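**Student:** So the sequence shown is residues 0 to 283, counted in numbering that gives the first Met the number 0. Note that beta-carbon positions come from the ideal geometry of N, C-alpha and C, so glycine has one too. Quick caveat, the model's predicted, so the values are computed rather than measured.
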Amino acid sequence: MPQLIDGKRISQQIKDELKEETAKLKEAGIRVCLAVVQVGNDPASTIYVNNKKKACAYIGIESRSYELPEETTEDELTALVERLNEDREVNGILVQLPLPAHIDEDRIIRTISPDKDVDGFHPVSVGRLWIGERGFLSCTPAGIIQLLKRSGIAIEGKECVIVGRSNIVGKPMAALLLRENGTVTVTHSRTKDLREVTRRADILVVAIGKKQFITADYVKEGAVVIDVGMHRDENNHLCGDVDFDSVAPKTSAITPVPGGVGPMTIAMLMNNCVETVRRREDTL
Ligand code: GUN
């Protein structure tokens, strides 16, 4: 039987640690405040945003909500982000993606101050990650590192294969596994003989956004498999990029969907919110 990597339990553990840290900060008169910006009312985004606000409330982080209409212009959104950059009471800024098509996401991400970039999407945060400087880590890959470490899975010296090269998951995942001394390969839609590469993996991270794409023949016996995907199957049940039923028996450890990587993203966002204050206090 493979080890089931329990993201619900581990994310709860992290949130409880942060709750304690935030309470101590409060005693010292230091508060943490996250500004959450949503443009339009995409139902999926509304669920994500509400979950982020709930997590803030649990931990003791103040959250300020900015719900803007779909017609908001790029200049108006930029002006709001600039105001939040200047606001000394706001520690972190989160602009929920995707933004409406008439707004240039890259411009908005670049407008967020790197000191308040709790998503870790700003080019400065990305650069810091690659050169090994302290900075905000992209939440989903940072959550995966925590899942591995807190499940007792060593990364050093392991063959790590990532399927998918997005800016939000695949690329930062590569940087983080490399920082943990893994040997890292990033595969993508143009990779020749994907199966041959994934079968080399001791640790296989799958983030391609294709329902149940990775079947048992892509996986080495005893591998650790991390599934970042989130879809609905033909019975309307949640499932991932990995065909869990065929793959799990071959693995030594695997994340379920739901309850694997998903809950970790918000826990690491909360960690980044507290990190804004840790960074400031360290440099005082
Ligand atoms: N939309 C989906 N995931 C995310 C995320 O991690 N951050 C932001 N800002 N938007 C998202």
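(1) When DSSP labels each residue in this structure, what does residue 189 get in the three-state scheme?
(2) Could you please give me the residues that DSSP links to residue 106 through a beta bridge?
(3) Could you check which residue in 55, 27, 5 has the C-alpha nearest to that of residue 17?
(4) For residue 227, which option in 136, 201, 262 has the closest C-alpha, if you only look at C-alpha atoms?
(5) Identify whether residue 174 lies in helix, strand or coil by the three-state DSSP scheme.
(6) Terminal residues of the continuous alpha helix (DSSP H) containing residue 125?
(7) Whole angstroms are fine: how far does the CA of residue 256 sit from the CA of residue 291?
(8) Among the candidates 272, 266, 260, whose CA atom is the shortest distance from the CA of residue 3?
(9) Between which residues of its own chain and residue 245 is the CB-CB distance below 6 Å, once the five residues before and five after are set aside?
(10) Residue 154 lies in the beta strand (DSSP E); which residues open and close that run?
(11) Report yes or no: do three or more beta-carbon pairs, one from the segment 127-146 and one from the segment 156-170, lie closer than 8 Å?
**Tutor:** In short:
(1) Here residue 189 is taken as the residue at index 190 of the sequence shown, counted from 1. In the structure shown, residue 189 falls within a coil segment according to DSSP collapsed to helix, strand and coil.
(2) Counting from 1 along the sequence shown, the entry for residue 106 is found at position 107. For residue 106, DSSP records no beta bridge to any residue.
(3) Taking the first residue of the sequence shown as position 1, residue 17 is located at position 18. Closest by alpha carbon: 55.
(4) The residue you call residue 227 lines up with position 228 of the sequence shown. The option with the nearest alpha carbon to residue 227 is 262.
(5) To locate residue 174, count along the sequence shown from 1; it is residue 175. Helix.
(6) Translated into the one-based positions of the sequence shown, residue 125 becomes position 126. That run of the alpha helix (DSSP H) goes 122-130.
(7) Any answer about residue 291 is impossible in this case: the structure gives the chain only from 0 up to 283.
(8) Locating residue 3 in the sequence shown gives position 4, where the first residue counts as 1. Ranked by how close their Cα comes to the Cα of residue 3, the residues 272, 266, 260 have 260 in first place.
(9) Within the sequence shown, numbered from 1, the residue matching residue 245 stands at position 246. 214, 215, listed in sequence order.
(10) Counted from its first residue, the sequence shown places residue 154 at position 155. Per DSSP, residue 154 belongs to no beta strand (DSSP E) and is neither H nor E.
(11) Yes, the segment 127-146 is in contact with the segment 156-170.
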